[in-house]
Structures are given as structure tokens and as C-alpha cells.
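Notes to accompany the following structure.
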Amino acid sequence: NGSISTAAPNNNVVEVDEIKPAEEPIVKKEKPLKLVEAEDRTKGQVTGGTYTAYAKNGGVVLCVVVVIMLIVGQTAQIMADYWLSVWADQNHDEQQEDFYLYMYAVFCGTTLLFGLLRVFLFFYFTTCASTQIHD
Numbered sequence: 043n044g045s046i047s048t049a050a051p052n053n054n055v056v057e058v059d060e061i062k063p064a065e066e067p068i069v070k071k072e073k074p075l076k077l078v079e080a081e082d083r084t085k086g087q088v089t090g091g092t093y094t095a096y097a098k099n100g101g102v103v104l105c106v107v108v109v110i111m112l113i114v115g116q117t118a119q120i121m122a123d124y125w126l127s128v129w130a131d132q133n134h135d136e137q138q139e140d141f142y143l144y145m146y147a148v149f150c151g152t153t154l155l156f157g158l159l160r161v162f163l164f165f166y167f168t169t170c171a172s173t174q175i176h177d
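Each residue of the sequence shown is one higher than the one before, starting from 43 at the first, in this note's numbering.
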């Protein structure tokens with residue numbers, strides 16, 4: 043007959059009627075992983091909550107420093123333009139004085155300095171904030 047006898051560990055004989063071939067395992071097919079997942083997207087204006095989240099995650103102090111840099115840089119640019127108009131309104135002899143040139147150079151240098159600081163600080167701030175938000 044098709045019975046097989048085998049000895050169990052306690053020497054009792056166990057009879058097995060038939061050995062069935064192993065069934066193939068059931069494999070669930072999963073959706074293939076995508077390299078890039080589609081992002082949620084919202085159309086319209088950037089909400090105040092987004093700005094608040096960036097300010098909190100980038101650091102409130104750094105956010106204030108960036109805003110101050112924006113204001114000082116823009117003020118220096120306006121002052122350079124204003125000073126140029128003051129210089130141009132002077133008579134020919136007064137326009138030749140070095141004072142006007144030096145003051146214009148100071149305003150232009152300040153504009154350049156604060157512009158560069160603003161760019162680097164803004165980049166650092168937004169990088170820190172977006173890392174905190176998106177990780």
C-alpha cells in the first residue's frame with residue numbers, strides 16, 4: 043500500500059498514508075515600486091501657514107535676520123540711487139569733490155555686502171527649513 047512508516051522520537055511508529063507534493067506558495071503580486079512618487083500639489087496662493095512653518099522650522103531668529111538683511115540691503119540700494127541724484131544736482135565745481143564719490147562708493151559697497159549676506163543667509167535658512175519640513 044502507499045503507507046510509509048516512520049519512527050517518532052519516542053520510538054512510537056507513526057503511519058502516514060501518503061506524501062503529497064508540496065503546494066506552490068501563493069505569491070501576491072505587488073505594484074512595482076516607482077523611483078519617483080507623484081507629489082501632492084495645490085494651486086493658488088502660498089498660505090500664511092506655509093510661511094509660518096518655514097519661519098519656525100528655519101529658526102525664528104534666523105528668519106528675523108534674513109528680513110533685516112532684506113530691509114538693509116534695499117535701503118542701501120535706495121540710498122545709493124538717492125545719493126547719485128543729490129550728487130548730480132550739485133554744480134560742476136561741487137561735483138568734483140571726492141566726498142560725493144566716497145559716499146556713493148560706501149552706499150554701493152553696503153548694497154553689495156548686504157546683498158551677498160542676504161543671498162547666503164536666505165539660502166541657508168530655506169535649506170534648513172525645508173529639510174525640517176520634508177524629512
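Glycine included, each C-beta is placed from N, C-alpha and C at the ideal position.
Note down, in chain order, each residue of its chain lying with its Cβ closer than 6 angstroms to the Cβ of glycine 100, except the 5 sequence neighbours on either side.
Around glycine 100, the same chain offers Phe167, Cys170, Ala171 as residues with beta carbons nearer than 6 angstroms, after the five sequence neighbours per side are excluded.
Return the chain-ordered list of same chain residues with a C-beta closer than 6 angstroms to the C-beta of valine 114, the five sequence neighbours on each side being excluded.
So the qualifying residues of the chain are Phe156.
Alpha carbon to alpha carbon, what distance is there between aspartate 123 and aspartate 131?
13 angstroms
Hey, could you find the ends of the alpha helix (DSSP H) lysine 98 is sitting in?
90 to 100
Is the beta carbon of glutamine 138 less than 8 angstroms from the beta carbon of tryptophan 129?
Not a contact, by the Cβ cut-off of 8 angstroms.
Buried or exposed for valine 108, please, with buried defined as at least 16 other CB atoms from any protein chain shown within 10 angstroms of its CB.
buried
Going residue by residue through the segment 83 to 161, where are the continuous alpha helix (DSSP H) segments of at least 4 residues, counting only ones entirely within it?
90 to 100, 102 to 131, 134 to 137
How would you label arginine 160, buried or exposed, when you count the other beta carbons within 10 angstroms and need 16 or more for buried?
buried
Cα separation between lysine 85 and threonine 173?
22 angstroms
Using only the alpha-carbon positions, how far apart do phenylalanine 162 and leucine 77 sit?
32 angstroms
Whole angstroms are fine: how far does the CA of alanine 95 sit from the CA of glutamate 81?
19 angstroms
Could you say which of Gln116, Thr153, Phe164, Tyr146 lies nearest to valine 103 if we only look at CA atoms?
Phe164
Mark alanine 118 as exposed unless 16 or more other C-beta atoms lie within 10 angstroms of its C-beta, in which case mark it buried.
buried
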